[in-house]
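K.L.:
Each residue of the sequence shown is one higher than the one before, counting from 4 in this note's numbering. From the three backbone atoms N, C-alpha and C, an ideal C-beta is built for every residue, glycine too.
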Amino acid sequence: MKVGMNLLLWTDQPDPSKHLNLLSSIKNWGFDGVELAVDNMDAEDASAFGKILKELGLGSTGIAALDAASADPASSDARLRQNALDVLKRAIINTQLIGAEVLCGPLFQGLGRFSGQGPQPEEWGYAVETLRAAGEFAAKLGIKLALEPINRFEMYLVNTLEDGVRFVEEIGLPNVGLLADTHHGNIEELNVPEAWRRAAKHIVHVHISENNRGVPGSGHAVPKEIFDVLKEVDYEGWLTIEAFGQQVPGLISRLHLWRDYSEHPDDAARLGVQYIRSCLV
């Protein structure tokens, strides 16, 4: 298993001209790679990141999210569905350009839209159709999609891994699987390890994220048992830390980050990778 670090702890606008020192620090802290937000990245920057990461000896994964106001795979509005597919295609291309093989995120639905009821068959069908088209496009570029069930306070279409399994099986493409996230599982799953066991054959990416979004291992969402399950099912993909703080203004309201979750912004990375490595022994 490889250990990665999501740059959203520091920035939601990764820039190859500004973040070389950060990438070097991440390498020195003991990470195997990084996760970059690629949905709004231009191709030139993506290519530059690809070259920098190769020179540093860092691997990578891409991450994307959709704003429901402009792009939503589950919308009844065909224009919003097409916009979503366009965003996903750009993110898939950028994922390839940064040298990655996995694009992850809550790609089923646009964030920020709630209907006042649970998922409807029509919405589900639209989302399956849109993500199948994205998956077919990704396959041509050798990219896997790792779809992330997230908690009911952020999305309502797909909240649990069981929901996710049903979704990806309906898509029916070998390069479309699931992202298992400890933070969201801590909220939605009755038994996280068992949920991961049941979904194991579909899990192609993992986010290590504490219950308060802070330092992995400092709370109760990332117990050693999680890593034992991954070893048990012969998982060989990325374990990517997804942590947040108040360093990124654009995420504070979106993720309700009203306080800092560590003494220093870098602690989630520095201490987190040490904790993960200790659990893998």
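#1: Quick one: is K147 buried, meaning 16 or more other Cβ sit within 10 Å of its Cβ, or exposed?
#2: Look at M44 and P76 and say whether their C-beta atoms are less than 8 Å apart.
#3: Any idea what DSSP makes of E58, helix, strand or coil?
#4: What residue range does the alpha helix (DSSP H) around I361 cover?
#5: Assuming V225 and E213 are in contact, meaning their beta carbons sit under 8 Å apart, how far apart are those beta carbons, in whole angstroms?
#6: I'd like the list of long-range same chain contacts for L56, defined as Cβ closer than 8 Å, with 5 residues on each side in sequence excluded.
#7: The alpha helix (DSSP H) that contains D35, what's its start and end?
#8: Between the alpha carbons of I153 and L274, how many angstroms are there, rounded?
#9: In chain order, which alpha helix (DSSP H) runs of at least 4 residues are fully inside the stretch 167-205?
#10: Determine the burial state of G188: buried for a count of at least 16 other Cβ atoms within 10 Å of its Cβ, exposed for fewer.
#11: Where F295 and D70 are concerned, what is the direct C-alpha to C-alpha distance, given to the nearest angstrom?
#12: Please report the residue range of the beta strand (DSSP E) in which G7 lies.
#13: My parser needs the alpha helix (DSSP H) runs of 4 or more residues fully inside the stretch 82-152; what are they?
#14: Who are the Cβ neighbours of G33 in its own chain at under 8 Å, not counting the five residues just before and after it?
#15: Which stretch, first to last residue, makes up the alpha helix (DSSP H) that contains L26?
#16: Quick check on N9: buried or exposed, where buried means 16 or more other Cβ atoms within 10 Å of its Cβ?
#17: Tell me where the beta strand (DSSP E) around L242 begins and ends.
#18: Taking C-alpha atoms, which residue in E173, S256, H208 lies nearest to G304?
#19: Is G248 helix, strand or coil by DSSP?
#20: With respect to the alpha helix (DSSP H) encompassing E235, which residues constitute its N-terminal and C-terminal limits?
#21: The alpha helix (DSSP H) with S270 in it runs from where to where?
#22: Are the CB atoms of A94 and N86 nearer to each other than 8 Å?
#23: Under 8 Å, with one C-beta from each stretch per pair, do the stretch 111-120 and the stretch 188-208 reach the 3-pair mark?
#24: Compare the C-alpha of R257 against each of S265, E266, F247 and name the closest.
#25: With a 10 Å radius around its C-beta and 16 neighbouring C-beta atoms as the bar for buried, classify F170 as buried or exposed.
#26: With DSSP run on the structure shown, which of helix, strand or coil describes D75?
#27: Could you check whether A68 and D89 sit closer than 8 Å to each other, using their CB atoms as the reference points?
#28: What is the rounded straight-line gap between the Cα of W199 and the Cα of T133?
#29: Excluding five sequence neighbours on each side, which residues of the same chain lie with their C-beta closer than 8 Å to the C-beta of A46?
P.N.:
So, from the listed chains and residues:
#1: Label assigned to K147: buried.
#2: For M44 and P76, no; Cβs fall outside 8 Å.
#3: DSSP places E58 in helix when its eight states are reduced to three.
#4: Residue 361 cannot be examined here, being either before or after the span of the chain that is shown, 4 to 284.
#5: The pair is a contact, with the Cβ atoms about 6 Å apart (cut-off 8 Å).
#6: If we look at L56 and ignore the five residues flanking it on each side, its Cβ neighbours are L26, G36, V37, G62, S63, I101, G102.
#7: It is not in any alpha helix (DSSP H) - D35 carries neither H nor E in the DSSP assignment.
#8: Taking the Cα positions, I153 is about 25 Å away from L274.
#9: Contiguous alpha helix (DSSP H) elements confined to the stretch 167-205 occur at 185-191, 195-202, taking only those with 4 or more residues.
#10: In summary, G188 is buried, with 16 or more beta-carbon neighbours lying within 10 Å of its beta-carbon over all protein chains present.
#11: For residue 295 there is no data in the structure shown, the boundaries of the chain being 4 and 284.
#12: Secondary structure note for G7: its beta strand (DSSP E) is the uninterrupted segment 5-9.
#13: Runs found: 124-143.
#14: The residues are V6, V276, Q277, R280.
#15: For L26, the enclosing alpha helix (DSSP H) stretches over residues 23-31.
#16: When all chains shown are included, N9 counts as buried.
#17: Residue range 241-244 is occupied by the beta strand (DSSP E) that includes L242.
#18: A question about residue 304 goes unanswered here, because the residues of the chain that appear run from 4 up to 284.
#19: Residue state for G248 is assigned as coil, using DSSP reduced to three classes.
#20: Element bounds for E235: 227-235.
#21: Checking the displayed sequence, the identity of residue 270 turns out to be Asp instead of Ser. Where D270 is concerned, the enclosing alpha helix (DSSP H) stretches over 270-283.
#22: In terms of Cβ geometry, A94 and N86 do not form a close pair [threshold 8 Å].
#23: Short answer: they don't touch.
#24: Across the set S265, E266, F247, the C-alpha of F247 shows the shortest separation from the C-alpha of R257.
#25: Burial call: buried.
#26: It is coil, neither helix nor strand.
#27: For the pair D89 and A68, the CB atoms are not nearer than the 8 Å cut-off.
#28: In a straight line, the C-alpha of W199 is about 26 Å away from that of T133.
#29: Cβ-Cβ distances below 8 Å link A46 to I96, N97, L100 in the same chain, with the five nearest sequence neighbours on each side left out; the list follows chain order.
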